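See below for the structure under consideration.
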Amino acid sequence: MAVVSVSNTSNYASRTQGKRDGTGRLWEKHNSNSTPSCNVSSSNVSTPLDVRLVDSNYLLQLINEEDAGTLDLDSYLEMYRFLRERITINVSGQVYEIWKDTLEQHPDTLLGNPQKRAKYFDRGRQEYFFDRHRPSFDAIFFYYQSGGKLRRPDSIPDDIFLSEIEFFELEKDQIANYKKCEGYVEEKIVLPEKPCQRKLWILLEYPESSVVAYVIGIVSVFLTLTSIVLFCIETLPHFSKNDCGDTKETYPDMFFFTETVCTIWFSLEVTLRFCVCPNKLKFFQNFKNLVDLAAVLPYYVTFVNVISSNSCEASKSSTGLAFLRVIRLVRVFKLTKHSAGLQLLVLTFKASLKGLFLFLVALFFCIVLFSSAIYFAETELPDSQIQSIPDGFWWALITMTTVGYGDRVPVGFLGKVIGSMCAVAGVLTLAIPVPIITENFNKFYAHRARNAGMPETE
């Protein structure tokens with residue numbers, strides 16, 4: 032054990048007495064005639080000092096004091112050796128050595144804080160022992176050596192590595208960045224303050240919270256699917272006939288009644304959720320809530336428009352509001368609230384936006400290039416089907432996406448060569464986002480499987 036010895040000089044002791052409360056230790060001037068010791072108090076009681084428990088920043092403050100020039104060379108060397116002391120760390124049998132001041136560059140971490148790591152010190156072996164995951168510690172050890180670069184080895188599962196960096200108490204921003212890169216999603220749950228509102232909010236917002244909430248969720252999903260199926264079926268020729276006589280519009284039919292029931296349920300649901308929500312402003316900032324509102328508004332707009340005149344002309348004019356009825360299809364997004372699979376898809380595409388943007392840029396570049404090339408290659412041919420570069424845009428798009436409708440095709444030899452190159456470039460371009468999306472989906476699925484008990488893929 033390295034021990035620093037100092038003498039009982041009154042001037043030096045009085046100068047450092049005020050700082051002893053912050054560190055619990057008092058360094059004094061070196062005396063070559065004295066035995067190695069460190070006075071912990073102003074009394075003559077001397078106690079051996081474990082230098083691993085002393086803050087090196089405190090020693091630097093002592094050296095930088097205005098009267099520190101009175102320290103002799105041996106004292107400076109002793110302090111320098113302490114500052115550059117090597118620390119031995121044993122992790123499940125694997126021994127690591129690192130400079131003490133290197134660890135203390137991260138004072139908020141377990142290894143960088145002398146007080147935090149003190150309880151793991153083995154005085155018999157003069158080392159710190161940790162019974163932890165050894166492969167993970169290689170990356171944590173490199174984190175200190177590199178000055179803050181954290182990277183998970185590919186062979187270590189992300190949840191095991193997360194538990195290790197949390198145990199060694201790495202900086203919170205580093206852990207947050209790691210979770211973000213690995214696809215961890217932390218939802219902050221905010222509940223209403225009043226008990227009645229809190230119970231109702233949990234029933235409507237969290238279907239997994241109770242049996243009643245689960246039943247409410249099942250009813251909501253059933254009515255959502257019914258509404259979507261109804262919207263599609265009523266466009267069939269057999270059902271799309273206008274049930275209008277010469278004067279009056281007949282509403283009490285199956286489609287109108289079913290749609291009314293669904294809309295009443297959705298209206299009641301969104302109204303209750305708005306009344307008991309913890310924050311009214313954030314309620315409208317949530318995409319799911321906007322979907323709920325968009326799902327019910329078209330019905331009321333169309334209904335009021337027809338009821339106001341109650342005639343066939345009103346029914347025909349309401350057809351002009353067809354775009355509002357199409358908005359009813361946003362009810363499909365209501366299913367994401369109750370479907371873990373759809374939530375995974377949404378999270379996957381949100382995490383893959385950069386890769387998708389790169390794909391769109393490459394696709395746009397290739398479309399402009401090949402549409403221009405095919406136009407100038409086919410423009411002199413009498414039976415050319417590419418009359419302009421915008422025509423070439425459509426041809427390049429359906430060729431690169433391997434759709435190939437056949438409404439625009441090259442007829443010349445050079446045009447066919449360009450078409451072949453366009454098809455090959457399309458296949459390569461489409462391959463850009465595939466590994467990005469796949470990787471993100473696998474990460475989100477693995478996290479959801481561990482947290483929700485879903486079966487993991489091998």
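In terms of this note's numbering, the sequence shown is residues 32 to 489. Cβ atoms here follow ideal geometry from the backbone N, Cα and C, with glycine treated the same way. Since this is a predicted model, take the numbers as computed values, not measurements.
**Study point:** residue 129: first and last residue of the uninterrupted beta strand (DSSP E) it sits in
**Key:** Stepping through the sequence shown from its first residue, residue 129 is reached at position 98. 125-130 is the extent of the beta strand (DSSP E) around residue 129.
Check your understanding: Can the beta-carbon of residue 190 be found closer than 8 Å to that of residue 183?
Key -> To locate residue 190, count along the sequence shown from 1; it is residue 159. To locate residue 183, count along the sequence shown from 1; it is residue 152. Going by C-beta atoms, residue 190 is not nearer than 8 Å to residue 183.
Practice item. Excluding the 5 residues preceding and the 5 following residue 228 in the sequence, name in chain order all residues of the same chain whose CB lies nearer than 7 Å to its CB. Key: Position 197 of the sequence shown, counting from 1, holds the residue named residue 228. Only 307 meet the Cβ criterion.
**Study point:** In DSSP terms, what residue 119 is bridged to
**Key:** The residue labelled residue 119 in the question sits at position 88 within the sequence shown. DSSP, once it has assigned bridges, lists 128 as partnering residue 119.
**Study point:** Spatial distance of residue 244 from residue 477 (CA atoms)
**Key:** If you number the sequence shown from 1, residue 244 lands on position 213. If you number the sequence shown from 1, residue 477 lands on position 446. Taking the straight line joining both Cα atoms gives about 26 Å.
Review point. Run through DSSP, which three-state label would residue 158 get?
Key: In the sequence shown, counting from the first residue as 1, residue 158 sits at position 127. Residue state, collapsed to three classes: strand.
Exercise for review: Pick out whichever of 390, 368, 138 has its Cα sitting closest to the Cα of residue 251.
Suggested key: Counting from one through the sequence shown, the residue named residue 251 turns up at place 220. Selected option, being the one with the closest Cα: 368.
Point to revise | Boundaries of the alpha helix (DSSP H) in which residue 450 is found, first to last residue | key: Taking the first residue of the sequence shown as position 1, residue 450 is located at position 419. Its alpha helix (DSSP H) spans residues 444-461.
Review point. Which residue's Cα is closest to the Cα of residue 126: 140, 285, 168, 462?
Key: On the sequence shown, residue 126 is found 95 positions in, with the first residue counted as 1. Checked all of 140, 285, 168, 462; the closest Cα to residue 126 is 168.
**Study point:** Distance between residue 384 and residue 471 (C-alpha atoms, nearest Å)
**Key:** For the purposes of this step, residue 471 is taken as residue 440 along the sequence shown, with counting starting at 1. For the purposes of this step, residue 384 is taken as residue 353 along the sequence shown, with counting starting at 1. So the alpha carbons of these two residues sit roughly 11 Å apart.
Point to revise | Distance between beta carbons of residue 427 and residue 401, contact taken as under 8 Å | key: Locating residue 401 in the sequence shown gives position 370, counting from the first residue. Locating residue 427 in the sequence shown gives position 396, counting from the first residue. Yes, residue 401 and residue 427 are in contact; Cβ-Cβ is about 4 Å, under 8 Å.
Point to revise | Span separating the alpha-carbon of residue 14 from that of residue 330 | key: Past the edges of the chain, shown from 32 to 489, lies residue 14, and the structure says nothing about it.
**Study point:** Backbone CA spacing between residue 210 and residue 265 [nearest angstrom]
**Key:** Counting from one through the sequence shown, the residue named residue 210 turns up at place 179. Counting from one through the sequence shown, the residue named residue 265 turns up at place 234. Each residue's alpha carbon lies about 47 Å from the other.
Practice item. Return the bridge partner residues of residue 152 from the DSSP annotation. Key: Locating residue 152 in the sequence shown gives position 121, where the first residue counts as 1. The partner list for residue 152 (beta bridge, DSSP) reads 159.
Review point. Smallest Cα separation from residue 498: which of 299, 285, 361?
Key: Outside the modelled stretch of the chain, which goes from 32 to 489, sits residue 498, for which no answer is possible.
Check your understanding: Thinking just about the alpha-carbon of each residue, which of 377, 128, 327, 146 is nearest to the one in residue 157?
Key -> Reading the sequence shown from its first residue, position 126 is the one you call residue 157. It is 128.
Review point. Where does residue 347 sit, in a helix, a strand or coil, going by DSSP?
Key: Against the sequence shown, residue 347 aligns to sequence position 316. Caution applies to residue 347, whose pLDDT of 48 falls short of 50 and renders its modelled position unreliable; the value that the coordinates give is listed next. Three-state result, residue 347: helix.
Check your understanding: Relative to the alpha-carbon of residue 153, which residue among 235, 121, 165 has its alpha-carbon at the smallest distance?
Key -> On the sequence shown, position 122 is the one that residue 153 refers to. Minimum Cα distance to residue 153 is reached at 121.
Review point. Under three-state DSSP, which class holds residue 474?
Key: Within the sequence shown, the letter at position 443 stands for residue 474. Reduced to three states, the DSSP call for residue 474 is helix.
Point to revise | Span of the alpha helix (DSSP H) around residue 139 | key: To locate residue 139, count along the sequence shown from 1; it is residue 108. That residue, residue 139, is in no alpha helix (DSSP H); it is neither H nor E in DSSP.
Review point. Considering residue 364, what are the terminal residues of the alpha helix (DSSP H) in which it resides?
Key: Residue mapping note: residue 364 aligns to position 333 of the sequence shown, counting from 1. First-last for residue 364: undefined, no H or E at that position.
Exercise for review: Taking 8 Å as the cut-off, decide whether the C-beta atoms of residue 366 and residue 373 are in contact.
Suggested key: Locating residue 366 in the sequence shown gives position 335, counting from the first residue. Locating residue 373 in the sequence shown gives position 342, counting from the first residue. In this structure, residue 373 lies closer than 8 Å to residue 366 by Cβ.
Check your understanding: Counting pairs of Cβ atoms below 8 Å between the stretch 194-211 and the stretch 220-227, do you hit three or more?
Key -> No, they do not touch.
Check your understanding: Between the beta-carbon of residue 429 and the beta-carbon of residue 403, is there less than 8 Å?
Key -> Here residue 429 refers to the residue found at position 398 when the sequence shown is read from its first residue. Here residue 403 refers to the residue found at position 372 when the sequence shown is read from its first residue. In this structure, residue 403 does not lie closer than 8 Å to residue 429 by Cβ.
Review point. Taking C-beta to C-beta, are residue 240 and residue 233 nearer than 8 Å?
Key: Locating residue 240 in the sequence shown gives position 209, counting from the first residue. Locating residue 233 in the sequence shown gives position 202, counting from the first residue. Cβ distance < 8 Å, so residue 240 and residue 233 count as in contact.
Review point. Buried or exposed: residue 177, going by 16 or more other Cβ atoms within 10 Å of its Cβ?
Key: For the purposes of this step, residue 177 is taken as residue 146 along the sequence shown, with counting starting at 1. Burial call: exposed.
Practice item. Alpha carbon to alpha carbon, how far is residue 393 from residue 457? Give it in angstroms, no decimals. Key: Within the sequence shown, residue 457 is the residue found at index 426, counting from 1. Within the sequence shown, residue 393 is the residue found at index 362, counting from 1. Distance between the alpha carbons of residue 457 and residue 393 is about 10 Å.
Check your understanding: On the premise that residue 326 lies in contact with residue 297, defined as a C-beta separation below 8 Å, what is that separation, rounded to the nearest angstrom?
Key -> In the sequence shown, residue 297 corresponds to position 266, counting from 1. In the sequence shown, residue 326 corresponds to position 295, counting from 1. The pair is a contact, with the Cβ atoms about 6 Å apart (cut-off 8 Å).
Check your understanding: Helix, strand or coil for residue 183 per DSSP?
Key -> Sequence index remark: in the sequence shown, residue 183 carries index 152 (1-based). It is coil, neither helix nor strand.
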